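Structure first, commentary second.
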Amino acid sequence: MSAIDLALANLLSPMVLFFALGLMASLARSDLTVPEAIAKFLALYLMMAIGFKGGVAVAKSGLDMKLVGVMLAGIALSALIPLIGFALLRLSTRLSAIDAAAVAAHYGSISIVTFVAATQTMTTLGLAYEGYLIAVAAVMETPAILTALLLARKARDPARRAEEEGMGALLREIGLNGSVVMLIGSFLIGWITGDRGMKAVAPFVNDLFFGMICLFLLDMGLIAGRGMREGMKTLSWQAIAFGLYMPLISAGLAAVVCLALDLSLGGTALMITLAASASYIAVPAAMRLALPEAKPSIYLTLSLGVTFPFNLALGIPLYVWLAGVVKG
Amino acid sequence: MSAIDLALANLLSPMVLFFALGLMASLARSDLTVPEAIAKFLALYLMMAIGFKGGVAVAKSGLDMKLVGVMLAGIALSALIPLIGFALLRLSTRLSAIDAAAVAAHYGSISIVTFVAATQTMTTLGLAYEGYLIAVAAVMETPAILTALLLARKARDPARRAEEEGMGALLREIGLNGSVVMLIGSFLIGWITGDRGMKAVAPFVNDLFFGMICLFLLDMGLIAGRGMREGMKTLSWQAIAFGLYMPLISAGLAAVVCLALDLSLGGTALMITLAASASYIAVPAAMRLALPEAKPSIYLTLSLGVTFPFNLALGIPLYVWLAGVVKG
Amino acid sequence: MSAIDLALANLLSPMVLFFALGLMASLARSDLTVPEAIAKFLALYLMMAIGFKGGVAVAKSGLDMKLVGVMLAGIALSALIPLIGFALLRLSTRLSAIDAAAVAAHYGSISIVTFVAATQTMTTLGLAYEGYLIAVAAVMETPAILTALLLARKARDPARRAEEEGMGALLREIGLNGSVVMLIGSFLIGWITGDRGMKAVAPFVNDLFFGMICLFLLDMGLIAGRGMREGMKTLSWQAIAFGLYMPLISAGLAAVVCLALDLSLGGTALMITLAASASYIAVPAAMRLALPEAKPSIYLTLSLGVTFPFNLALGIPLYVWLAGVVKG
Amino acid sequence: MQTFLKKRIAIVIEQPALNRVLDKLDQLAVTGYTVYPVIAGRGREGSWRADGMVSDAGRMVSVVCVCDPAKVEAIIEPIYKIVSRQVGIITISDCEVIRPDHF
Amino acid sequence: MQTFLKKRIAIVIEQPALNRVLDKLDQLAVTGYTVYPVIAGRGREGSWRADGMVSDAGRMVSVVCVCDPAKVEAIIEPIYKIVSRQVGIITISDCEVIRPDHF
Amino acid sequence: MQTFLKKRIAIVIEQPALNRVLDKLDQLAVTGYTVYPVIAGRGREGSWRADGMVSDAGRMVSVVCVCDPAKVEAIIEPIYKIVSRQVGIITISDCEVIRPDHF
Ligand SMILES: Nc1ncnc2c1ncn2[C@@H]1O[C@H](COP(=O)(O)O)[C@@H](O)[C@H]1O
Ligand SMILES: Nc1ncnc2c1ncn2[C@@H]1O[C@H](COP(=O)(O)O)[C@@H](O)[C@H]1O
Ligand SMILES: Nc1ncnc2c1ncn2[C@@H]1O[C@H](COP(=O)(O)O)[C@@H](O)[C@H]1O
Ligand code: NA
Ligand code: NA
Ligand code: NA
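Protein chains in written order, with my numbering: chain A, 1 to 328; chain B, 1001 to 1328; chain C, 2001 to 2328; chain D, 3001 to 3103; chain E, 4001 to 4103; chain F, 5001 to 5103.
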């Protein structure tokens, strides 16, 4: 499949179309909404299903030692990307150091829904991928946050710094984020119970999966549209541009790293997608605790209103193509 | 199957029985409830599933030109039925012109759950029907509202009329009703993605469908029962009678119209059901905006507490039988 | 399978592991939560699915007259176990008569989730069981409450007793508890519609069943952990011990009773499980109405934080083994 | 714009006893009330959270009733009888309204 | 710690009309507002409950706006125009804040 | 029926910081508090809505604490320290209770 065909096929997938439906509904100020409890349920389901599947896959294939290398690579990417992002933001935008650090953290961390959408594309393309990438996704969530904190520290006035409660407490608050716990927990349960477990929960975590993603993406579209309506006022075009080119930079970086990893083609595409994706569940919550003075309207709008739609509609096929280049 | 057998089979279907369970639980003042978020989720799911299926069906069969005729017929029915309803209410009840107009709007518009229950009956009877009837259902939602507004206008004191904000703004508020947007959006997505899309979401939108309807009807029963307990105080027997004979009049009218449409047998039954059904999601919300002085307790109780149970238990089999008469 | 193998297999089942995940997440103070509306939905689903299945099973097998005997035995166990519990609590703990009565009520009544988990074990072990045990479970919910009320009456000061509104009103409030109504209602609908109905809702009530239980147990783990953190302060070690040995006493008693019942092996195990399980949905709510002066922190923590985890992890395999002894 | 002084009675009561409070308010013929959800809390009976809860026991709701100062006594008396037996609290505060007839 | 007197405007309005109230508050350039869910209630239009409801009609939400006493008139006037046409009520009460500039 | 004057401290704080506020209230040994859900709002940080939200960031909850007038200072001081750093507001108002010992 050429990159173009891929892009078209992707744009006409139910996932992307439901996202578009949500986006347009919300931009048109329709009163279509997904109740908060349902949105949280869909997220919970997604973490459970994707985690469980990954665990079962690992139980099947066993852990080859490559995992360690991939994990380290993931951690490194998550920790370094914010440095690039921070520098670019400070150069190209008027964002304060604190705001820039907060935004950068989102791009170092990962978006599990973008990852899920990418795995779906792999399935349609019939590309296999390493199950343990779920675990890699999980470990990539937090390092970016630490980098951002260090970047912000230097910028913070000492008064504030005094106020901060200990790094330790903060890390506990952040590390035990519900979605991360659910993802890792389900991964381990899938690993332990393997095929036996999968047989029992398959109709729930496999058969429903795609339909639930469609609903979830409808919701994401509604939120993204709201973010655009709200946030665009507060965002400069330089900031918006950052939301579009930063994923490409991360993707390029990841592609280079992948040259050294020998993952499967599908795995490479997913690894690149992880690097290119920007968090909007775990990191925003963490930023409210760690860098409360950073403006949520900026980082939420950028990651959810700009980068997520871009990755979903154009990024993923691009990353698959990029993976082809890396592997070919 | 004779009309009698049909009626019995229908009364003993899980759908009707779960509705009855909800109804009895609520009349007995049990604390059995469906959380609001879940009720909204079930409605969202229903719109998504029924819309998507309809779209896929159209993608398969292609659009024969009959569609245009059926659409126009649907719009005409939705726009005219309120005139009949209004006249009958003014003659037979003590309702104010505003209240009568508001009630009439509900009977011109359609109830998607009644429609869904009817499609389920078609499936059990093995009757095929035109997929685009979903689209017809969607276009029949709003014309009735406009007719009611014109009826109410004349009755309104000028002072009030001054207060009214422009018709335009009002129509936007009404036209972008979430459930309508979800229904049409899912229809289009199903149409665009066709079989390919259906293969991916089938377990979600097909396999779960019936079980979800049962839960939804349980909820409808609970609400209907509450409506009966509350509303019956405020309703005269003439009004209640209207809730029972009006669907029959609409059904008769639709049957005549169907003579000119050559729909399939199933399609005819559904078209009659649409005309006979009364809205209780989109229209009540619209009435609160367009005719706030009309009493919600009256139109909600009539459409949800009287007409919906009647259609579900007796109406649908009757309309299937009527369709049989029309078709041959 | 030896009792040990059984225990191990049980401990490594997805159900128990998801419960453990929730428990650990909540003890570690993670912000992982299941929205209230979703928890209520999962409970509603469980009642519907398990009730419906039971009804269909009865429709298949027909009602052998044994049912009557089993029902009476269930009622007797539910009514008598609180007497034992009350006596033991008064002897071994410092709980007031009112508190002791309230706690005792929970152990006489049943936990439907424990029952469901047990049926799941039967399925994995390939043990058949009588479908009407669902109905037995339903009738065992309330008798324990009455016993507890009588026990508390004697202890109550006359002043209070004056305040009490009539037993009749109270029983209506309690008897119409939503979860009981849903369970019995679904049982009847399953019974009426039989295979025909099951064919329609099977994907919903059967295929999803296990996955939904896993989610529900995750939630139970979260709540149980919270209960432990909160309640352990208020509980003496004697009370906690009661939460561990009382189910064993009930199980022993039930085992003896089962000698006279000739249920299948699976049915015996389930009957013992019912007796050994402690309610935490219907009874706590009833106690707030009937014995408001009893401390909820005590009975909720005991039944949900102590006895439920014990039954889930160790009890069920033990009761299966015990059933083997009874039957063989 | 002229406003009129009324009293705002705010009750926090455990969910299972809600219907008793509302039925009592109906008997007392108050002109109306509003029930608000509550997601967490702490009191003498310890702390609780709504999320994940299946049973209604051990969770709260809040009932607000705006009424005429003259009626407060008549309403508080019987409501307090119920609340004092259960887990819950009552607070009273002043507020102004535009349509005095409405309350 | 010094505090400053403000007014707390509490509106209970039926859900379908919420956007009209919020849009109006935005036009009136209030410094902010908070919307609370409501799960049940009773008024002249009878009683209602949110649970199980699919349609927004016949259910309420509550909007609270804290503002400067000087601004109350200017806010109440147009809001009352909307509320008086719909199902809903308005109450006003005193409250103190720490950051006067904020309201 | 005799009533006693208390103070009602109402805090609107962004969800992620809720635990910090509650932990602080626990330290301050207040007799209790109640947490209310909030579904939408607007403030200096712009407007937000809860529905459809997965992340806790950018959404609010409301904490109400009824306490003795003498205690207000001691409670507000440290709570304000937290709230002032986050998105949120604090208001204080008078209320009466029946059981003074309870608060
Ligand atoms: N001082 C307080 N301020 C606000 N809410 C309170 C206070 N005390 C108790 N509550 C609420 O009332 C409920 C019952 O209180 P209690 O009966 O003391 O356990 C608690 O769970 C809180 O939700
Ligand atoms: N004047 C106000 N009246 C009522 N609620 C307010 C007001 N200002 C702010 N809020 C609430 O407090 C939250 C945070 O305010 P802010 O810190 O100004 O963004 C807002 O999202 C609103 O929910
Ligand atoms: N006296 C009252 N106290 C508290 N809430 C009220 C009162 N009257 C009305 N309400 C609320 O306002 C809504 C609309 O009132 P109404 O317009 O009188 O039907 C009711 O459903 C209640 O939620
Ligand atoms: Na990234
Ligand atoms: Na109609
Ligand atoms: Na028991």
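The C-beta atom is built at its ideal place from N, Cα and C for all residues, glycine as well.
Note that the structure is predicted; figures quoted are calculated from it, not measured.
Item to complete: Between the Cα of K2327 of chain C and those of C:I2272, C:L2222 and C:E2141, spot the shortest distance and give me the residue it belongs to.
Response: Per the C-alpha coordinates, the member of C:I2272, C:L2222 and C:E2141 positioned closest to K2327 of chain C is C:I2272.
Practice prompt. Count the other CB atoms, across all protein chains shown, that sit within 10 Å of the CB of K2295 of chain C; report buried if there are 16 or more and exposed otherwise.
Written response: With 16 or more other Cβ atoms within 10 Å, it is buried.
Fill in: Span of the alpha helix (DSSP H), counted from its first residue to its last, around M3060 of chain D
Careful: M3060 of chain D lies outside any alpha helix (DSSP H), inside the beta strand (DSSP E) at M3060 to C3067.
Practice prompt. Consider the Cβ of I1316 of chain B: report whether some Cβ of chain C lies at a distance smaller than 8 Å.
Written response: With 8 Å as the cut-off, I1316 of chain B does not count as an interface residue toward chain C.
Fill in: Three-state class that DSSP yields for T5091 of chain F in the structure shown
The answer is strand: DSSP assigns T5091 of chain F an E or B state.
Discussion item. Given the structure, does Y3033 of chain D come close to ligand 3, in the sense that its CB is under 7 Å from one of the ligand's heavy atoms?
Written reply: True, at least one ligand heavy atom lies under 7 Å from that Cβ.
Discussion item. Quick check on G2126 of chain C: buried or exposed, where buried means 16 or more other Cβ atoms within 10 Å of its Cβ?
Written reply: Exposed is the call here.
Practice prompt. Check each candidate in E:E4045, E:E4096, E:A4057 and E:V4087 and name the one with the smallest Cα separation from V5072 of chain F.
Written response: Nearest option by C-alpha distance: E:E4096.
Fill in: Interfacial residues, the region 4037 to 4051 of chain E to chain F, with Cβ spacing under 9 Å
Flagged, chain order: P4037.
Worksheet item: According to DSSP, which residues form a beta bridge with Q5047 of chain F?
Response: Looking at the sequence itself, residue 5047 of chain F is Ser, so the reference to Gln does not match. Residue pairing from DSSP places S5047 of chain F in a beta bridge opposite F:R5042.
Worksheet item: What is the rounded straight-line gap between the Cα of V70 of chain A and the Cα of L2021 of chain C?
Response: Distance from the CA of V70 of chain A to the CA of L2021 of chain C, rounded to the nearest whole angstrom, comes to 26 Å.
Worksheet item: Does DSSP put F5103 of chain F in a helix, in a strand, or in coil?
Response: If DSSP states are grouped into helix, strand and coil, F5103 of chain F belongs with coil.
Item to complete: For I249 of chain A, collect the residues of the same chain with a Cβ closer than 7 Å to its Cβ; drop the 5 residues on either side in sequence, then sort them by chain order.
Response: For I249 of chain A, where only same-chain residues beyond five positions count, the Cβ hits under 7 Å are I84.
Worksheet item: Is the beta carbon of S109 of chain A within less than 7 Å of some heavy atom of ligand 4?
Response: Yes, since a heavy atom of ligand 4 falls inside the 7 Å radius drawn around the Cβ of S109 of chain A.
Worksheet item: Based on Cα-Cα distance, which residue from D:V3087, D:T3091 and D:P3069 lies nearest to F3004 of chain D?
Response: For the residues D:V3087, D:T3091 and D:P3069, the minimum Cα distance to F3004 of chain D belongs to D:P3069.
Fill in: Where V3030 of chain D falls: helix, strand or coil (DSSP)
Reduced to three states, the DSSP call for V3030 of chain D is coil.
Fill in: Under 7 Å (Cβ pairs) to chain D, residues found in the region 4081 to 4102 of chain E
The residues in question are I4089, I4090, T4091, I4092 and S4093.
Discussion item. Please list the terminal residues of the continuous alpha helix (DSSP H) segment that includes F2019 of chain C.
Written reply: Unbroken alpha helix (DSSP H) run through F2019 of chain C: P2014 to L2027.
Worksheet item: Where A3057 of chain D and V2068 of chain C are concerned, what is the direct C-alpha to C-alpha distance, given to the nearest angstrom?
Response: Cα to Cα, A3057 of chain D sits roughly 33 Å from V2068 of chain C.
Worksheet item: Which residues in the same chain have their Cβ closer than 7 Å to the Cβ of L322 of chain A, if we skip the five residues on either side of it in sequence?
Response: For L322 of chain A, where only same-chain residues beyond five positions count, the Cβ hits under 7 Å are A251, A255 and I272.
Worksheet item: Under the three-state reduction of DSSP, which class applies to I5013 of chain F: helix, strand or coil?
Response: Note: I5013 of chain F maps to strand in three-state DSSP.
Worksheet item: Would the C-beta of L2274 of chain C count as close to ligand 6, meaning under 7 Å from any of its heavy atoms?
Response: At least one heavy atom of ligand 6 is nearer than 7 Å to the Cβ of L2274 of chain C, so yes.
Worksheet item: Is V3072 of chain D close to chain E, meaning its C-beta is less than 8 Å from at least one C-beta of that chain?
Response: No, its Cβ sits nowhere closer than 8 Å to a Cβ of chain E.
Fill in: Distance cut-off 7 Å: E2036 of chain C Cβ against heavy atoms of ligand 1
E2036 of chain C: no, Cβ never under 7 Å from ligand 1.
Worksheet item: How about M4060 of chain E: is its Cβ closer than 7 Å to a heavy atom in ligand 3?
Response: Distance from the C-beta of M4060 of chain E to the nearest heavy atom of ligand 3 is below 7 Å.
Worksheet item: Can you find at least 3 beta carbon pairs, one from the region 3083 to 3101 of chain D and one from the region 3005 to 3012 of chain D, that sit closer than 8 Å?
Response: The answer is yes - the region 3005 to 3012 of chain D touches the region 3083 to 3101 of chain D, with three or more Cβ pairs under 8 Å.
Discussion item. Going by C-alpha to C-alpha distance, which of A:A102, A:G62 and A:T124 sits closest to A155 of chain A?
Written reply: Considering only alpha carbons, the answer is A:A102.
Item to complete: Give the range of the alpha helix (DSSP H) segment to which M1140 of chain B is assigned.
Response: Run containing M1140 of chain B: none; DSSP gives neither H nor E here.
Worksheet entry | Coarse secondary structure for L259 of chain A, derived from DSSP in three states | In this structure, L259 of chain A counts as helix in the three-state DSSP scheme.
Discussion item. Suppose you measure from the CA of P1014 of chain B to the CA of A2117 of chain C; what does that come to, to the nearest Å?
Written reply: When rounded, the distance between both Cα atoms is 26 Å.
Practice prompt. For V5087 of chain F, I'd like the list of residues in its chain whose CB is within less than 6 Å of its CB, leaving aside the five on either flank, ordered along the chain.
Written response: Cβ neighbours of V5087 of chain F beyond the five flanking positions: E5014 and E5045.
Discussion item. Contact criterion: CB-CB distance below 8 Å. Does R5008 of chain F meet it with respect to chain D?
Written reply: True, the Cβ-Cβ gap to chain D drops below 8 Å.
Worksheet item: Comparing alpha-carbon positions, which option in C:A2039, C:P2292 and C:L2314 lies nearest A2152 of chain C?
Response: If you compare the alpha carbons of C:A2039, C:P2292 and C:L2314 with that of A2152 of chain C, the shortest gap goes to C:P2292.
Worksheet item: Within the 8 Å Cβ cut-off, does M5060 of chain F reach chain E?
Response: For M5060 of chain F, at least one C-beta of chain E is nearer than 8 Å to its own C-beta.
Item to complete: For I3017 of chain D, go through chain C and note every residue whose CB falls closer than 8 Å to its CB, in chain order.
Response: Reading off the sequence, residue 3017 of chain D comes out as Ala, not Ile. R2288, L2289 and P2292, listed in chain order.
Item to complete: Could you pull the start and end residues of the alpha helix (DSSP H) that S4085 of chain E belongs to?
Response: A small correction: the amino acid at residue 4085 of chain E is Arg; Ser does not occupy that position in the sequence shown. Per DSSP, R4085 of chain E belongs to the alpha helix (DSSP H) from V4072 to R4085.
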